[in-house]
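**Student:** Handing you this structure, nothing more for now.
Protein chains: 2
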Amino acid sequence: MSTAPRRQVRLNLFAHACGHHAAAWRAPGSSVSRLGEISYWEELARIAERGRLDALFLADGQSIGTAGVERGPAWTLEPITVLTAMARATERIGLVTTVSSTFWDPFHAARLLASLDHISHGRAGINVVTSMTDAEARNHGMPALPDHAKRYATAGEFIEVLQGLWDSWPAQSILADTEGVYVDSSLLRPPRHRGESFEVAGPLNVPTPPQGRPVLFQAGASAPGRELAARHAEGIYAVAWDLESAHAYRSDLRARAAALGRDPETIAVMPGLVAHVAATEEEARRVRADLDSRLPVADSLRQLSFFTGQDTSTWELDAPVPPLPPLEEFTGPKGRYATVLRIVDSVQPTVRELLGLLAAGGGHATVIGTPESVADEIERWVDAGAADGFNLMPPTLPGGITDFVEQVVPVLQRRGRFRREYEGTTLREHLGLPEVRSVNAPRALRA
Amino acid sequence: MSTAPRRQVRLNLFAHACGHHAAAWRAPGSSVSRLGEISYWEELARIAERGRLDALFLADGQSIGTAGVERGPAWTLEPITVLTAMARATERIGLVTTVSSTFWDPFHAARLLASLDHISHGRAGINVVTSMTDAEARNHGMPALPDHAKRYATAGEFIEVLQGLWDSWPAQSILADTEGVYVDSSLLRPPRHRGESFEVAGPLNVPTPPQGRPVLFQAGASAPGRELAARHAEGIYAVAWDLESAHAYRSDLRARAAALGRDPETIAVMPGLVAHVAATEEEARRVRADLDSRLPVADSLRQLSFFTGQDTSTWELDAPVPPLPPLEEFTGPKGRYATVLRIVDSVQPTVRELLGLLAAGGGHATVIGTPESVADEIERWVDAGAADGFNLMPPTLPGGITDFVEQVVPVLQRRGRFRREYEGTTLREHLGLPEVRSVNAPRALRA
Ligand SMILES: Cc1cc2nc3c(=O)[nH]c(=O)nc-3n(C[C@H](O)[C@H](O)[C@H](O)COP(=O)(O)O)c2cc1C
Ligand SMILES: Cc1cc2nc3c(=O)[nH]c(=O)nc-3n(C[C@H](O)[C@H](O)[C@H](O)COP(=O)(O)O)c2cc1C
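For the protein sequence lines, the chains are Y and X, in the order given.
Numbers 1 to 447, taken from the UniProt record's numbering, label the letters of the first sequence in order.
Numbers 1 to 447, taken from the UniProt record's numbering, label the letters of the second sequence in order.
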């Protein structure tokens, strides 16, 4: 291993509310009053770019629940508008939005993403998800969420429609011949898609984006989710509580991709990482304990009910977590539930301990330590083949990302693990992904 | 009339491609290579703000046609992303996007507009249209456009859903009580809408926008279009070839609004205005003639076929326009066709003359002259009660809006017709519109 080239670490900032710890907004001096202010999001973007991160990453959801909004501010402004503003506040960093294929019309989605890619000069990415709750469905004319298999079938079709639309108006068809035509329309390639979930004629009314196609991310842990990722994803936001589960996930995903004829090196697997960094480990633990102490137990229990499908309100706080049904019997989001099972299985926590473990990022990898020990852990995962990098989920924002950028990034840079300057200008280049073939090639050259 | 207060003129910039003249992109030094560059749109926004205009206005369409893209660059990047960037490049000017109620999911539209309103600190507007072509329908899973009546029924419902969603998460429900709840959920007002076209539970996952509700524009000329405008619109983008038709339109609209119990003074009727301005009238005419000379006749004829539903390829160019069927028999977009009828009726042009008249803005009011004579015409329309102001459609961009801002605006300012500085900070304030009632008022106080 010592002679192998040092793998570069990929790092995104998953920007979320006042930070990923459920009690972040309760801490003194939190950003809670700034969530509707675009300057807050732009500030996060600038800090992340200062750290030369690969991308900003925004999640998305299509509803607020009564319990949710009482518990804390989990909302953002609509992510594509936020990323557009972030694009103009930065120069190089990538910009990844989450889009639900269950609720979005693919023509609108393709167009918004193509525009974001033009506006950012090739820095857009799209994280395709299939959504999680019936409350979201009821905001979009459906009585309930379509079933899991149907959602993933739709997601695959959605991605193919997006690709067909991004390819449909090749930039080189624009002749702008002031004595003749503006576009050579023989080069248009309308996808004329007719499928189970979508019928979209095309072409798109925005020419090919600078990256050919915005970078495709995926987040979803079930077998159909992995299969979709193996087929299409260039970046993956994964959940992994420990190195072993991350390794198993990444290996499985790479094997699936290889079986489909893809080079696994063209897929960046980036689990979520909650890092509490301070000059000493004691200080980092103290800060984390302070956040934990601000958690309202009843609300956390309610969220745990959702994650586990159990009525947790009767559970005893200082007793071990009661036996949970196997993964196969769980009908909610399986990835999250698998993590709960894994935590319970590995550390046999009390209910109270489990709540603390889930409170920052809901079961994502968590490190508490000094800049060096956090960098060690990142290297350990990457060297073990458990991750290509991480989707950073700072417990508080902006503090947590400032700390990471100022303290951990320099350690990774000194160790030759992370860029000191951007080399490319596009997200595709930052992630070391191949250029998109087929796009921009005239029809006659494609076959 | 001399003792009446001088009515203030409202002015938007309708930013479109290289300008509204169909041959604008063919002129030397045109902006044709910059359409995909956000810096171009930001520059237009800054010029308009320098002129203290009320708002930027973007149209929208959901398809490109083969003929369309050969004829010229009628495309924009997706307008909400463009306006978001414009919001960050300016401080005060309003930002109005066009949204088709035929193709947009109201939850997504409400959220995007609420975000734009937050990002711009209260400067967002939405122009609700019902779309025009089957090609657009085929990009959104429909074989053809729903019929006119159905589209307008949907549009009315769409607006009500948007309003319900914008009202649904009142900002004052956010307590951010770090010892208690983030939101007092008893103040949430989910619309629980169940209608013919939409079922949307709500609440929206973005709190009440700064304006309460973004300003509602409408563009559509038929009786159902006017009825919709009378009921809901706060601004109207109208087509009027001459003062008489503008006066008839505005009077009809105000009567309809009054009949519905609304104060007509709370509706700004803004016809399109194509102004060719130069130091002398001869110079203005010369510039216009130069643009006209760049029009490819065959393409213009093809577009005329669409506007009239006739096969115009057999028409003789220098003969008078052949008799056209009455408005009632025309099944395409009626507003545009009514204008063609009106032009033919009023000036009995040859086919070639009609093409020239339609080439810049397709039958909108057109003035060619000096800054003073253009300002005279604007005043004449406003004083006659034919308009509250105009949606400026410069024949070329950025040149045409720079000329207008530097030459016509100062004349209007000297005459006490147009602001020298913004007084308010929101679009609602710029347009002198009342604050939105009901929004932000706790449920108990509403009834
Ligand atoms: C790490 C991770 C992140 C996710 N982020 C989102 C999100 O932002 N929005 C969303 O609607 N769903 C999100 N999902 C949900 C998935 O898209 C999917 O709907 C759900 O997990 C069920 O799929 P699965 O069984 O394959 O995990 C996420 C899932 C995972 C595993
Ligand atoms: C002045 C004006 C501007 C319009 N702008 C748009 C537009 O930007 N996008 C669009 O899809 N339809 C636009 N429309 C079309 C209308 O929304 C409507 O679909 C069409 O005109 C038929 O309605 P009508 O018969 O009431 O005019 C516009 C119509 C008018 C009169």
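Note that beta-carbon positions come from the ideal geometry of N, C-alpha and C, so glycine has one too.
Everything numeric in this text was worked out from a predicted model, so none of it was measured.
(1) Please classify Ala15(Y): is it buried, with 16 or more other beta-carbons within 10 angstroms of its beta-carbon, or exposed?
(2) Just the chain Y side, please: which residues come within less than 9 Å of Gln62(X) by C-beta, in chain order?
(3) With DSSP as the reference, label Met132(Y) as helix, strand or coil.
(4) Can you tell me whether Glu136(X) is buried or exposed? The criterion is at least 16 other CB atoms within 10 Å of its CB, across all chains shown.
(5) Answer with yes or no whether the minimum CB distance from Gly36(X) to chain Y is below 8 Å.
(6) Which residue comes first and which comes last in the beta strand (DSSP E) that contains Val277(X)?
(7) Say yes only if the C-beta of Thr66(X) is nearer than 7 Å to one or more non-hydrogen atoms of ligand 4, and no if none qualify.
(8) Can Pro349(Y) and Val411(Y) be called in contact, C-beta distance under 8 Å?
(9) Do we get a CB-CB distance below 8 Å when we pair residue 448(X) with the residues of chain Y?
(10) Measure from the C-beta of Val340(X) to each C-beta in chain Y and report whether the shortest distance is under 8 Å.
(11) Taking only three categories from DSSP, how would you classify Val181(X)?
(12) Helix, strand or coil: which one does DSSP assign to Leu216(Y)?
(13) List the whole-angstrom C-beta distance separating Asp54(Y) from Arg26(Y), where the pair is believed to meet the contact cut-off of C-beta under 8 Å.
(14) For Phe198(X), which residues in chain Y fall below 7 Å Cβ to Cβ?
(15) Quick one, which residues of the region 69 to 97 of chain Y are near chain X if we go by CB-CB under 8 Å, in chain order?
(16) Can you list, in chain order, the residues of its chain whose CB lies under 6 Å from that of Ser100(Y), leaving out five sequence neighbours each side?
(17) Select from the region 12 to 23 of chain Y all residues with a C-beta closer than 8 Å to any C-beta belonging to chain X, and list them in chain order.
(18) What residue does the alpha helix (DSSP H) around Phe107(Y) start on, and which one ends it?
(19) Which class does Val200(X) belong to by DSSP, given the choice of helix, strand or coil?
(20) By the 10 Å Cβ neighbour count, where 16 or more other Cβ atoms means buried, how is Arg6(Y) classified, buried or exposed?
(21) Out of Glu283(Y), Glu406(Y), Val340(Y) and Ile378(Y), which one is the CA nearest neighbour of Phe307(Y)?
(22) Would the region 174 to 185 of chain X and the region 113 to 123 of chain Y be scored as touching if the rule is three or more Cβ pairs under 8 Å?
(23) Since Ile126(Y) contacts Pro214(Y) with CB under 8 Å, what's their CB separation in whole angstroms?
(24) Check the DSSP bridge columns for His193(X) and list the partner residues they point to.
(25) Can you give me the Cβ contacts of Ser373(X) inside the same chain, cut-off strictly under 8 Å, excluding the 5 residues immediately before and after it?
(26) Taking the beta strand (DSSP E) that Tyr237(X) belongs to, which residues open and close that run?
(27) My understanding is that Gly195(Y) touches Glu157(Y), with C-beta atoms under 8 Å, so please give their C-beta distance in whole angstroms.
(28) Give a single yes or no on whether Lys334(Y) has its beta carbon closer than 7 Å to a heavy atom of ligand 1.
(29) Roughly how far, in whole angstroms, is the beta-carbon of Phe390(X) from the beta-carbon of Gln8(X), given that I think they are within contact range, below 8 Å?
(30) Is it the case that the Cβ atoms of His108(Y) and Ser222(Y) are separated by a distance below 8 Å?
(31) Determine the closest residue to Thr312(Y) out of Gly212(Y), Leu354(Y) and Cys18(Y), with distance taken between C-alpha atoms.
(32) At a CB distance below 7 Å, what residues from the region 298 to 320 of chain Y approach chain X? Give them in sequence order.
(33) Determine whether the Cβ of Arg6(X) lies closer than 8 Å to any Cβ atom of chain Y.
(34) Just to confirm the assignment, what range does the alpha helix (DSSP H) spanning Thr97(Y) have?
(35) Any idea if residue 471(X) is buried or exposed, counting beta-carbon neighbours within 10 angstroms, 16 or more meaning buried?
(36) Would the region 224 to 239 of chain Y and the region 36 to 48 of chain Y be scored as touching if the rule is three or more Cβ pairs under 8 Å?
**Tutor:** Reading it off the structure:
(1) buried
(2) Phe107, His108, Arg111 and Asn205
(3) coil
(4) buried
(5) yes
(6) Ala268 to Val277
(7) Annotation note on ligand 4: not contained in the displayed structure, which lists ligand 1 and ligand 2 as its ligands.
(8) no
(9) Residue numbering for chain X in the displayed model covers 1 to 447; residue 448(X) lies beyond these limits and cannot be assessed.
(10) no
(11) coil
(12) strand
(13) Not confirmed; about 31 Å, so no contact.
(14) Gly141
(15) Val69, Glu70, Arg71, Gly72, Pro73, Trp75, Leu77, Glu78, Ile80, Thr81, Val82, Thr84, Ala85, Ala87, Arg88 and Ala89
(16) Val129 and Ser131
(17) none
(18) Pro106 to Ile119
(19) strand
(20) exposed
(21) Val340(Y)
(22) no
(23) 5 Å
(24) Val200(X)
(25) Glu281 and Val367
(26) Gly235 to Ala238
(27) 5 Å
(28) yes
(29) Wrong, their Cβ atoms sit about 13 Å apart, outside the cutoff.
(30) no
(31) Leu354(Y)
(32) none
(33) no
(34) Here Thr97(Y) belongs to no alpha helix (DSSP H); instead the beta strand (DSSP E) covers Gly94 to Ser100.
(35) Since the first residue shown for chain X is 1 and the last is 447, residue 471(X) is missing from the structure and cannot be characterised.
(36) no
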